[in-house]
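Taking my numbering, the leading residue of the sequence shown gets 119, the next gets one more, and so forth.
Don't be surprised by glycine CBs; every beta carbon is placed ideally from N, CA and C.
Heads up, the thing below is written out as structure tokens.
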Amino acid sequence: QLKRLIDGGALGKLYYLYSNRLNLGRFRTEENILWSFAPHDVSVILYLLNEMPERVAAHGGNYLHTQIADTTITTLAFPSGVQGHIFVSWLHPYKEHRLVVVGSEGMAIFADTEPEHKLRILRQPVEWRERMPVPRLTEAQPVPFEAVEPLRVECQHFLECLATRRTPETDGEEALRVLQVLEACQQSLNQDGEPVAIAPAPKPPYFAHETAVIDQPCEIGEGTRIWHFSHVMQNARIGKNCNIGQNVFIASGVMVGDNVKIQNNVSLYTGVVLEDDVFCGPSMVFTNVINPRSHISRKAEYKPTLVKRGATLGANCTIVCGTTIGRYAFVGAGAVVTRDVPDYALVMGVPARITGWMCQCGVRLHFEPREDAEYATCAHCGARYRKEGETVQEVSE
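Structure representation (structure tokens):
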């Protein structure tokens, strides 16, 4: 509910937030208070702000044990300008867990130890008179929300993610970010509160939409773009400057060259190899088993499919496995390819048959017979070709 208030603009521009997590005990001898209490607050703050701090500073006091901090105060500075601090202690006379978020339009108070009205909001707490800020002393209003057992909800969410293969709200990446902040805080604590910068995570050389799933390890080249709801599995290889459309599946072991364009709703199964400059039209289909049965596993019988450089596969066409699509070949929309397609060939129909020939630039060629062979010159780019039977080659002047 607090996250919704912040994202919905109820608090306006955020200024700062702080968290107190205090109690008498439980005393630890194997870890300090920073690592015992603060991870929860770090996780919550990162979730609320949806950004990493750029620097932190931590000060602490060792009282019960000379080498273990019993209290720490940590300050955090975020790239957006928001400031925060976390106060944790196990040397406090009573239990307190309070989170306060302050913005230009209001303040939110979450008091976990309160029996009721745990979340309250104070609206417009500051007004300006003659260019001077003046506090408005009003009562904080409770924010209603359903009271549930947090651990139970967390377990239910985990089970739902297992069932739907959805990324959980707090996944391993989130845990890694929390550890990165805590390590920087500990480093500052060891240096008597010296601020420690947190280097931003290196950005990958490619773009992947937030709904795309990238299973590591895999290889994705620089400049490649992967769009909504696409899934790249482990050990797939994708070259540079590719465009992977929406709802595309790329299986383990698939190899995709440079400058390949894959339109929406295409699945590349294990055994498929696309060379450079290949175009896959919307909803076209690859296969990798010639005689599939649901009740028989034929993973050991996958047949490879090779699509050579520059080939175009039209919308809704089907490439039956075990075939090779030649260089700059052109498969018409809806065609079903059951045998190899020569270089530069235009194939259409069910099953696909050669109906013509195509230039590298995608314009149809018209061959004229001569004494030794047939020749054609592209009307668009001027490239010249020689054909003997079903073999077409580009020729120089």
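| Asked | Found |
| --- | --- |
| Within 10 angstroms of the Cβ of Arg471, are there 16 or more other Cβ atoms? Answer buried if so, exposed if not. | exposed |
| Three-state secondary structure (DSSP) at Gln259? | strand |
| With three or more beta-carbon pairs closer than 8 Å as the criterion, would you say the stretch 176-191 touches the stretch 293-313? | yes |
| Specify the secondary structure class of Arg247 as computed by DSSP and reduced to three states. | strand |
| Let me make sure I understand the geometry here. Which of Val261, Gly371, Gly224 has the alpha-carbon closest to that of Val244? | Gly224 |
| Decide if Ala418 is buried, meaning its Cβ has at least 16 other Cβ atoms within 10 Å, or exposed. | exposed |
| Tell me Gly178's beta-bridge partners as DSSP assigns them. | Thr190 |
| With a CB to CB cut of under 8 Å and the five nearest residues on each side skipped, what residues in its chain are close to Gln259? | Arg238, Ile239, Leu240, Arg241 |
| Helix or strand or just coil, what does DSSP make of Tyr446? | coil |
| Would you decide whether Ile437 is buried or exposed? Buried here means 16 or more other CB atoms lie within 10 Å of its CB. | buried |
| Per DSSP, what are the beta-bridge partners of Tyr420 in this structure? | Partner(s): none; Tyr420 has no beta bridge. |
| Quick check on DSSP: helix, strand or coil for Leu142? | strand |
| Within 10 angstroms of the Cβ of Arg445, are there 16 or more other Cβ atoms? Answer buried if so, exposed if not. | buried |
| Which residue comes first and which comes last in the alpha helix (DSSP H) that contains Gln298? | 290-308 |
| Could you tell me which residues DSSP pairs with Phe325 in its beta bridges? | Arg343 |
| Cβ of Phe145 within 8 Å of Cβ of Glu172? | no |
| What are the start and end residues of the beta strand (DSSP E) that includes His203? | 201-207 |
| Roughly how many whole angstroms lie between the Cα atoms of Asp490 and Glu512? | 15 Å |
| Count the other C-beta atoms from every protein chain shown that fall within 10 angstroms of the C-beta of Met250, then say buried if there are 16 or more, exposed otherwise. | exposed |
| Going by alpha carbons, who is nearest to Leu424 out of Phe205, Asp230, Phe404, Trp153? | Phe404 |
| Would you give the residue range spanned by the beta strand (DSSP E) that Tyr503 belongs to? | 502-506 |
| On the three-state DSSP scale, how would you describe Pro253? | strand |
| Applying the 10 Å Cβ sphere with the 16-neighbour rule, what's the burial state of Phe263? | exposed |
| On the DSSP bridge assignment, give the partners of Gly221 in chain order. | Leu132 |
| For Arg122, name the three-state secondary structure that DSSP assigns. | helix |
| Would you kindly work out how many angstroms separate the C-alpha atoms of Ala156 and Ala128, rounded to a whole number? | 27 Å |
| Have a look at Cys398 and Ala302 and give me their C-alpha separation to the nearest angstrom. | 47 Å |
| With DSSP as the reference, label Cys279 as helix, strand or coil. | helix |
| Counting C-beta neighbours from all protein chains within 10 Å, is the total for Asp159 16 or more, i.e. buried, or is it exposed? | buried |
| In the DSSP output, what is Cys398 paired with across the bridge? | Ile380, Leu431 |
| Could you give the residue range of the beta strand (DSSP E) that holds Ala494? | 492-495 |
| Should Arg139 be labelled buried (16 or more other beta-carbon atoms within 10 Å of its own) or exposed? | buried |
| For Phe198, which three-state DSSP category applies? | For the sequence presented, residue 198 should be read as Ser rather than Phe. Note: Ser198 maps to coil in three-state DSSP. |
| Less than 8 Å between the beta carbons of Thr442 and Asp458, yes or no? | yes |
| Could you give the distance in angstroms between the alpha-carbon of Val449 and the alpha-carbon of Gln334? | 33 Å |
| Helix, strand or coil for Arg270 per DSSP? | helix |
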